[in-house]
Amino acid sequence: MSRELIFAVEDEAHIQQLIKYNLEANGYKILAFESGESLLTECKDTTPDLFILDIMLPGMDGLEVCRQLRQNIRTKNIPIIMLTAKSEEFDKVLGLELGADDYITKPFSVRELLARVKAIFRRVNTSSLPETEIIKHGDITIDCTKREVYKKDTLLEMPLKEFELLKMLIMNKGKVLSRELLLDKIWGFDYYGETRTVDVHIRYLRQKIEDDDDNPSYIETVRGIGYRFTDKVLHRA
Ligand code: CA
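All letters in the sequence shown, in the order written, are residues 41 to 277 by my numbering.
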C-alpha cells in the first residue's frame with residue numbers, strides 16, 4: 041500500500057518541525073506549508089489523504105482554508121484535523137461546523153498527534169472495506185462503498201465523522217448507544233474530547249436527515265444516556 045500523504049499548514053517553525061519529523065518517522069509522507077494560500081495552490085496539482093490545519097496563520101486563517109477545501113469537489117471528502125489553541129474554543133466549534141473531522145488542542149503531545157492521525161486513517165480504511173453496501177431506512181439511503189448519504193434522491197454533504205456516526209446508529213437501529221460508546225467508536229480510544237462533541241455532530245446530522253430537526257423522527261435522544269436510531273417503519277410521501 042502506498043504511504044499516506046499529509047498536507048500540514050503551520051506557521052510556527054518548531055511546531056511544523058515537530059509534526060513533520062514525527063509523522064515522517066512513522067511512515068507518512070508529509071508536505072508542510074507556512075500559509076494557507078500555499079497549501080491551496082499545491083492542491084491544484086496534488087491531493088493528499090489528510091489535511092492538518094493550524095487556525096492562527098498569517099494571511100488566510102485555517103478556518104477559511106477549511107471552508108475552501110470543503111467547497112472544492114477535489115478536496116471536499118478528504119479528512120481535516122484542525123490545530124487550535126486553548127483560547128480558541130469558539131474556533132474549534134466553528135471548525136467542526138465548517139466540516140473539519142477532528143481537532144487537536146495546542147500544546148499537544150507527539151503521542152496524541154499520532155493517535156489522531158492513525159484514528160483518521162483507520163476509519164477511512166475500515167469504511168472502504170466491503171460490507172453491507174447499501175443501508176436504507178425511511179427516506180434515508182447510505183451507500184457505504186461510495187460513502188454517500190441520500191435523503192430521498194438528494195445527496196447530502198456529510199463529513200467523515202458525521203457519516204461514521206450515522207452509519208453506527210443506523211446499523212444498530214432500535215438500540216440505545218451511549219455518548220461514551222459513540223465517542224469511543226467514532227473518535228477513537230485516544231480521543232481526549234468531551235461527549236459534547238457527540239451532541240454537536242448529532243445536531244448536524246439531524247439538520248440534514250430530519251424533516252424537522254426540532255422534532256426528530258430518526259435519531260431519538262435518550263435522556264441521560266445517548267441516542268437511538270428509530271426502528272419504527274416511517275412512511276414518507
Ligand atoms: Ca499559528
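Glycine is no exception: its CB is placed at the ideal position from the N, C-alpha and C atoms. Being a predicted model, the structure only gives us computed values, none of them experimental.
| query | result |
| --- | --- |
| CA-to-CA distance, ILE180 to ILE144, given in whole angstroms | 32 Å |
| Helix, strand or coil at THR237 [DSSP, three-state] | helix |
| Cutoff 6 Å; reference ASP271; Cβ partners in own chain excluding five residues on either side | LYS213, GLY214 |
| Backbone secondary structure at VAL49 - three-state DSSP | strand |
| beta-carbon LEU97 near ligand 1 non-hydrogen atom, thresh 7 Å | yes |
| Simplified DSSP assignment, three categories, for LEU217 | strand |
| Neighbourhood of PHE47 by C-beta distance below 6 Å, restricted to the same chain and skipping five residues each side | LEU71, LEU79, PRO88, PHE91 |
| GLU128 beta carbon near ligand 1 (any heavy atom closer than 7 Å) | no |
| Same chain, Cβ closer than 6 Å to GLU50, five either side skipped, listed in chain order | GLN56, ASP94 |
| Assigned exposure category for GLU173 - 16 Cβ within 10 Å defines buried | exposed |
| CB contact flag (VAL240, LEU136, <8 Å) | yes |
| Residues near GLN247 in its chain [Cβ-Cβ closer than 8 Å; skip 5 each side] | ASP253 |
| GLU50: CB within 7 Å of a non-hydrogen atom of ligand 1 | yes |
| For GLU65, the nearest candidate out of LEU123, LYS201, VAL150, ARG243 (CA to CA) | For clarity, residue 65 is Ala in the given sequence; the question names Glu instead. Per the Cα distances, VAL150. |
| Given LEU223 as reference, the closest of TYR244, LYS201, ARG243 once Cα atoms are compared | LYS201 |
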